[in-house]
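*Asks:* Residues 13 to 187, numbered by this note's numbering, are exactly what the sequence shown covers, in order.
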Amino acid sequence: MVEDSKLIVEIKKGKIHLFDELIKKYYGKVYYYCYRHLNNKEAAQDLTQEVFMKVIKTIGSYKHYGKFENYLYVVAGNTCKDFYKKESKYVLKEAEIKPDSYKEEEISKLENKVMIEEALNKLSKDQREIIILRFYQDLKIKDIAKIMNSGISITKYRLKKAIKLISESMKGGQA
Numbered sequence: 013m014v015e016d017s018k019l020i021v022e023i024k025k026g027k028i029h030l031f032d033e034l035i036k037k038y039y040g041k042v043y044y045y046c047y048r049h050l051n052n053k054e055a056a057q058d059l060t061q062e063v064f065m066k067v068i069k070t071i072g073s074y075k076h077y078g079k080f081e082n083y084l085y086v087v088a089g090n091t092c093k094d095f096y097k098k099e100s101k102y103v104l105k106e107a108e109i110k111p112d113s114y115k116e117e118e119i120s121k122l123e124n125k126v127m128i129e130e131a132l133n134k135l136s137k138d139q140r141e142i143i144i145l146r147f148y149q150d151l152k153i154k155d156i157a158k159i160m161n162s163g164i165s166i167t168k169y170r171l172k173k174a175i176k177l178i179s180e181s182m183k184g185g186q187a
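#1: For S165, which three-state DSSP category applies?
#2: Rounded to the nearest angstrom, what separates K173 and I166 at their Cα positions?
#3: Output yes or no for whether 8 Å exceeds the beta carbon distance between A131 and M65.
#4: Is D32 buried or exposed, if buried means 16 or more other CB atoms sit within 10 Å of its CB?
#5: Please report how far the alpha carbon of N90 lies from the alpha carbon of I159, in whole angstroms.
#6: Evaluate contact between the segment 140-157 and the segment 63-77, counting only Cβ atoms and requiring at least three cross-stretch pairs below 8 Å.
#7: If we count the other Cβ atoms within 10 Å of its Cβ and call it buried at 16 or more, is E180 buried or exposed?
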């Protein structure tokens, strides 16, 4: 696969069709990132498309500092924040649970997933974003710091605090 920076140079030269390669490479990651923020498949799909539309419109002014993937997460994060502002009445969808169709192990996994989602929803937006970037998107601390426009030490501190809050929330949910 061609490096992102080489693709972007060619796209800037007018070879817009090469943007499809970036979409193929990152669509799933951006969708998952948006979904982790929203817990809504339809909204995540819409916002993922919006992210790529914003990126293609601004690709001409994109500077090649750092990873392109980090830039995508910044755009995705801002798009999710804009969505929250516009949709202040947004309600998270509850998981449909049909007990007859699940085995005991599956129910336990689903309950854990619901508890984790509830714990994530109790976090601040910044804390939730750090958890999503670190554990769901598997990014390194230095990349998360760049995306969130903060220092490495403060990012580590925020991550540690967010993990502690999730742990406390999970313990409280099991009592």
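Even glycine gets a Cβ: it sits at the ideal position worked out from N, Cα and C.
*Replies:* In short:
#1: Under the three-state reduction of DSSP, S165 is assigned to helix.
#2: 10 Å
#3: no
#4: exposed
#5: About 11 Å.
#6: No, the segment 140-157 is not in contact with the segment 63-77.
#7: Exposed, because fewer than 16 other Cβ atoms sit within 10 Å of the Cβ of E180.
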